[in-house]
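A.B. asks: Submitted below is the structure of interest, expressed as structure tokens.
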Amino acid sequence: MHPYISCLFSLAVKPAEFAEFKRLIATIVAATKAEPGTLVYEYSVNEDNSTVHILERYNVDAVVSHVDTTFAPFGQRFLELCTIKSLVVYGTPDAEIRKRLDPFGAVYMTPFDGFSR
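Everything in the sequence shown is counted per the working numbering, starting at 1 for the first residue and increasing by one.
What follows is the structure, given as structure tokens:
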């Protein structure tokens with residue numbers, strides 16, 4: 001099993017909703033920052049505020065608690081303000097992780113060579 005799980009989400013956000021979305025994300029990021037197993041948690045936006053990417057990287061044992069504990073209180077509002085266009089997952093997630101990511105339309109990419117520093 002690979003020791004990390006990385007996720008790349010692509011979201012559609014209505015530009016008129018972006019200010020509210022950004023405020024919600026600030027709250028989610030602050031909560032996520034306290035998770036010791038979260039290694040990368042970054043939001044990026046295109047020029048017209050219509051597409052947002054989330055780049056996430058977790059120790060493999062931290063994904064379930066992020067979804068179930070940290071993200072869950074914000075999930076409904078998050079999904080009211082954006083549409084998940086895609087989710088690509090890198091690593092070797094177990095059945096419990098897949099159970100959390102499958103509802104977001106996850107596509108799984110299994111590593112076969114390379115390294116991280």
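Every residue, glycine too, gets a C-beta built ideally from N, C-alpha and C.
(1) Which two residues bound the contiguous alpha helix (DSSP H) that contains Ala34?
(2) Val13 and Cys82 - do their beta-carbons sit closer together than 9 Å?
(3) If I measure Cβ to Cβ from Phe104 and keep anything under 7 Å in the same chain, skipping five residues before and after, which residues do I get?
(4) Starting from Arg100 and walking both ways along the alpha helix (DSSP H), at which residues does that stretch end?
(5) Give the secondary structure of His2 by DSSP, where H, G and I count as helix, E and B as strand, and everything else as coil.
(6) Please confirm whether Asp68 and Gly37 have their CB atoms less than 9 Å apart.
(7) Helix, strand or coil: which one does DSSP assign to Phe18?
C.D. replies: To lay it out plainly:
(1) For Ala34, there is no enclosing alpha helix (DSSP H), as DSSP marks it with neither H nor E.
(2) yes
(3) Ile84 and Leu87
(4) Ala95 to Leu101
(5) coil
(6) no
(7) Collapsing the DSSP output to three states places Phe18 in a helix.
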